[in-house]
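*Asks:* Numbering (our numbering), first residue to last: 68 to 484. Every residue gets a Cβ at the ideal spot worked out from N, C-alpha and C, and that includes glycine. Provided herewith is a single structure, encoded as structure tokens, for subsequent inquiry.
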Amino acid sequence: MAELKADVLVLGAGMVGVGAALHLQQRGRDVILVDKHAAAGEETSFGNAGLVECASVFPYMFPRDFGQILRYAINRAPQVRYAIADLPMFLPWLVRYFLASAPDRALHSAMAELPLIRRSLLEHQALVAEAGVPELLRQTGWIKLFRSDATLANAAAELERARHYGVAGEVLDGKAIAAREPHLTGEFAGAVYLPAPGFVPDPGGLAKAYAALFVRKGGRFVVGDARTLQQDASGWRVAGPEGAAVGREAVVALGPWSDLVFRPLGYSIPLSVKRGYHQHLEPRGNAVLHHPVLDSDLGYLLAPMNRGIRLTTGVEFARRDAPPTPVQVQRALPRAHALFPLGEAIDAKPWIGARPCLPDMLPAIGKAPRHAGLWFDFGHQHHGLTLGPATGRLLAEMMTGETPFADPGPFAVERFG
Ligand SMILES: Cc1cc2nc3c(=O)[nH]c(=O)nc-3n(C[C@H](O)[C@H](O)[C@H](O)COP(=O)(O)OP(=O)(O)OC[C@H]3O[C@@H](n4cnc5c(N)ncnc54)[C@H](O)[C@@H]3O)c2cc1C
Numbered sequence: 068m069a070e071l072k073a074d075v076l077v078l079g080a081g082m083v084g085v086g087a088a089l090h091l092q093q094r095g096r097d098v099i100l101v102d103k104h105a106a107a108g109e110e111t112s113f114g115n116a117g118l119v120e121c122a123s124v125f126p127y128m129f130p131r132d133f134g135q136i137l138r139y140a141i142n143r144a145p146q147v148r149y150a151i152a153d154l155p156m157f158l159p160w161l162v163r164y165f166l167a168s169a170p171d172r173a174l175h176s177a178m179a180e181l182p183l184i185r186r187s188l189l190e191h192q193a194l195v196a197e198a199g200v201p202e203l204l205r206q207t208g209w210i211k212l213f214r215s216d217a218t219l220a221n222a223a224a225e226l227e228r229a230r231h232y233g234v235a236g237e238v239l240d241g242k243a244i245a246a247r248e249p250h251l252t253g254e255f256a257g258a259v260y261l262p263a264p265g266f267v268p269d270p271g272g273l274a275k276a277y278a279a280l281f282v283r284k285g286g287r288f289v290v291g292d293a294r295t296l297q298q299d300a301s302g303w304r305v306a307g308p309e310g311a312a313v314g315r316e317a318v319v320a321l322g323p324w325s326d327l328v329f330r331p332l333g334y335s336i337p338l339s340v341k342r343g344y345h346q347h348l349e350p351r352g353n354a355v356l357h358h359p360v361l362d363s364d365l366g367y368l369l370a371p372m373n374r375g376i377r378l379t380t381g382v383e384f385a386r387r388d389a390p391p392t393p394v395q396v397q398r399a400l401p402r403a404h405a406l407f408p409l410g411e412a413i414d415a416k417p418w419i420g421a422r423p424c425l426p427d428m429l430p431a432i433g434k435a436p437r438h439a440g441l442w443f444d445f446g447h448q449h450h451g452l453t454l455g456p457a458t459g460r461l462l463a464e465m466m467t468g469e470t471p472f473a474d475p476g477p478f479a480v481e482r483f484g
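Okay, structure coming up:
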């Protein structure tokens, strides 16, 4: 069987792996991108809400407000649901998440990630231009609706806090909401409009367009199973149906499946998942949605994708491989129909995906401490579409000995002991 050789194998062709492959290629590395699917962007990077969240200074941490924790604990909050049977498995991770969400530690995570967040949109702008797909990145910003004065006040305070870090935003009253989105109906206390974030109307298509750019520039894309990864004298080897791919170095960019590679190598990194769902619906008549709209208090988001209006849900804590339980989609659907004129469902059943998360909501980027030539690039939580190209730059700078544009220290896996 054939054996392909390269400088670097990038394992996983989601937005994170494709971003790393492109940046390594830009720095002269011969790269093979390996995925279990025959195309890029078929998993988590396909199904997200499409936001390039360059205004998200503060990561999604565990709430510290007692009332909110109680709502989550009784499993009635629309934003978060947990599978009771899986709770014993999740509890130790949730405790770590809770501890990492203490105000000082949450601020540490936010400040560590800020250079990446600031870089995120610029990286996408450069890549869509080079890939020839400017239509896949719209400058719409997004709108967060609030149904109660209390939640609107919290969001307005959060916006004031974010302004210190250069985030622009506007609090909208009912009239201003109607001016931006004339087809919404409902009783709103108000909304926050963030103008800077980009919107990707086909996230899977964007990953594919970036992968096509990588191949046009001489990169190779092969089907292979990352679980077969082995180290030998020539470096790192992965088996696939067409033969083996061998690289002097390898990057683990397998998103929620990264543990399938790092665990057998002896690393105990607390990677977990926050599952989420989507379902596409037809807009009714000539109704148009101009921005992604988060119905914050009711826990779902509507995004105007090329395929239709994509309803995405909040977080479900359940095992990555447990059968789908799209309760949050079912609960959100009537609320979404009341918010915007929606017709028939386009998908036969809801899509499910899993946000790869570490307890401090920072990704793992950098050298595998005990294996020469092995690198990590996973755990991008709620922001993998946003950050894939930016973290790809950071990783490639580290791998090629350039001065990294951001301090990589906080992303080292050694932080977990
Ligand atoms: C409902 C929802 C909404 C979201 N909204 C947003 C958003 O608006 N903005 C944002 O920035 N982020 C969002 N996210 C998060 C974002 O989608 C993820 O952080 C991101 O997609 C992770 O990318 P990845 O490349 O690490 O993982 P993936 O996209 O899952 O890629 C991993 C790749 O590894 C491959 N793979 C797995 N196992 C193997 C194997 N054994 N061998 C070879 N290949 C393998 C898979 O096929 C896949 O291609 C959302 C997530 C969800 C679930």
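Can you give me the start and stop residues for the beta strand (DSSP E) that residue 339 sits inside?
*Replies:* Its beta strand (DSSP E) spans residues 339-350.
*Asks:* I'd like to check one pair, residue 451 with residue 277: are the Cβ atoms closer than 9 Å?
*Replies:* Remark: C-beta atoms of residue 277 and residue 451 do not approach each other more closely than 9 Å.
*Asks:* As a quick exercise: from 424, 480, 309, pick the residue whose alpha carbon is nearest that of residue 433.
*Replies:* Measuring from the Cα of residue 433, the nearest candidate turns out to be 480.
*Asks:* Which partner residues of residue 419 appear in the DSSP bridge assignment?
*Replies:* 344
*Asks:* Between 484, 435, 443, 428, which lies nearest to residue 172 when the distance is taken from Cα to Cα?
*Replies:* 428
*Asks:* The beta strand (DSSP E) with residue 361 in it runs from where to where?
*Replies:* 360-362
*Asks:* Is it the case that the stretch 124-132 contacts the stretch 169-186, given that we only count it when at least three CB pairs across the two stretches are under 8 Å?
*Replies:* yes
*Asks:* Would the stretch 68-79 count as touching the stretch 300-315 if we require 3 or more Cβ pairs under 8 Å?
*Replies:* yes
*Asks:* Is it buried or exposed, residue 373, if we count other Cβ atoms within 10 angstroms and call 16 or more buried?
*Replies:* exposed
*Asks:* Contact between the stretch 139-155 and the stretch 430-446: three or more CB pairs below 8 Å?
*Replies:* no
*Asks:* Quick one: Cα of residue 253 to Cα of residue 369, how far?
*Replies:* Residue 253 and residue 369 have their C-alpha atoms spaced approximately 15 Å apart.
*Asks:* Classify residue 128 as helix, strand or coil using the three-state DSSP reduction.
*Replies:* If DSSP states are grouped into helix, strand and coil, residue 128 belongs with coil.
*Asks:* Using only alpha-carbon positions, find the residue among 166, 81, 159, 212 that is nearest to residue 273.
*Replies:* 81
*Asks:* Is residue 448 near ligand 1, with its Cβ less than 8 Å from a heavy atom?
*Replies:* yes
*Asks:* May I ask whether a heavy atom of ligand 1 can be found less than 8 Å away from the beta carbon of residue 205?
*Replies:* Exclusion of residue 205 from the 8 Å shell around ligand 1 follows from its C-beta lying no nearer than that to any non-hydrogen atom of the ligand.
*Asks:* What do you reckon, is the C-beta of residue 477 under 8 Å from a heavy atom of ligand 1?
*Replies:* no
*Asks:* Is the beta carbon of residue 425 less than 9 Å from the beta carbon of residue 483?
*Replies:* yes
*Asks:* Just to confirm, is the Cβ distance from residue 375 to residue 348 under 9 Å?
*Replies:* Yes, they are a contact pair.
*Asks:* I'd like the list of long-range same chain contacts for residue 146, defined as Cβ closer than 6 Å, with 5 residues on each side in sequence excluded.
*Replies:* Here residue 146 has 366, 381 as same chain residues with Cβ atoms under 6 Å from its own Cβ, once five neighbours each way along the sequence are excluded.
*Asks:* To the nearest angstrom, report how far apart residue 412 and residue 397 are at their CA atoms.
*Replies:* 12 Å
*Asks:* Check each candidate in 124, 300, 286, 306 and name the one with the smallest Cα separation from residue 292.
*Replies:* The option with the nearest alpha carbon to residue 292 is 306.
*Asks:* Apart from the five residues on each side of it in sequence, which residues of its chain come closer than 6 Å, Cβ to Cβ, to residue 264?
*Replies:* 118, 119, 120, 121, 122, 208, 209
*Asks:* Buried or exposed for residue 133, going by 16 or more other Cβ atoms inside 10 Å?
*Replies:* exposed
*Asks:* Tell me whether the stretch 234-245 and the stretch 293-300 touch, counting them as touching only if at least three CB pairs, one residue from each stretch, are closer than 8 Å.
*Replies:* no
*Asks:* Between the beta-carbon of residue 475 and the beta-carbon of residue 338, is there less than 9 Å?
*Replies:* no
*Asks:* Say yes only if the C-beta of residue 272 is nearer than 8 Å to one or more non-hydrogen atoms of ligand 1, and no if none qualify.
*Replies:* No - ligand 1 has no heavy atom lying nearer than 8 Å to the Cβ of residue 272.
*Asks:* When we look at the beta-carbon of residue 282 and count the other beta-carbons within 10 Å, is it buried (16 or more) or exposed?
*Replies:* exposed
*Asks:* Could you check whether the stretch 149-161 touches the stretch 453-462, counting it as contact only if at least three pairs of C-beta atoms, one from each stretch, sit closer than 8 Å?
*Replies:* no
*Asks:* By DSSP's criteria, residue 118 is part of a beta bridge. Which residues make up the other side?
*Replies:* Per DSSP, the beta-bridge partners of residue 118 are 266.
*Asks:* Take the Cβ of residue 444 as the centre, count every other Cβ of all protein chains shown within 10 Å, and call the residue buried at 16 or more, exposed below.
*Replies:* buried
*Asks:* Compare the C-alpha of residue 106 against each of 308, 327, 275 and name the closest.
*Replies:* Distances from the alpha-carbon of residue 106 to those of 308, 327, 275 put 275 closest.
*Asks:* Taking residue 454 as the reference, which of 184, 335, 261 has the closest Cα?
*Replies:* 184
*Asks:* How would you label residue 353, buried or exposed, when you count the other beta carbons within 10 angstroms and need 16 or more for buried?
*Replies:* exposed
*Asks:* Measuring CA to CA, which of 247, 201, 331 is closest to residue 270?
*Replies:* 201
*Asks:* Would you check whether ligand 1 has a heavy atom nearer than 8 Å to the C-beta of residue 221?
*Replies:* Outside the cutoff, so no.
*Asks:* Tell me which same chain residues have a C-beta within less than 6 Å of the C-beta of residue 188, skipping the five on either side of it?
*Replies:* The residues are 119, 121, 265.
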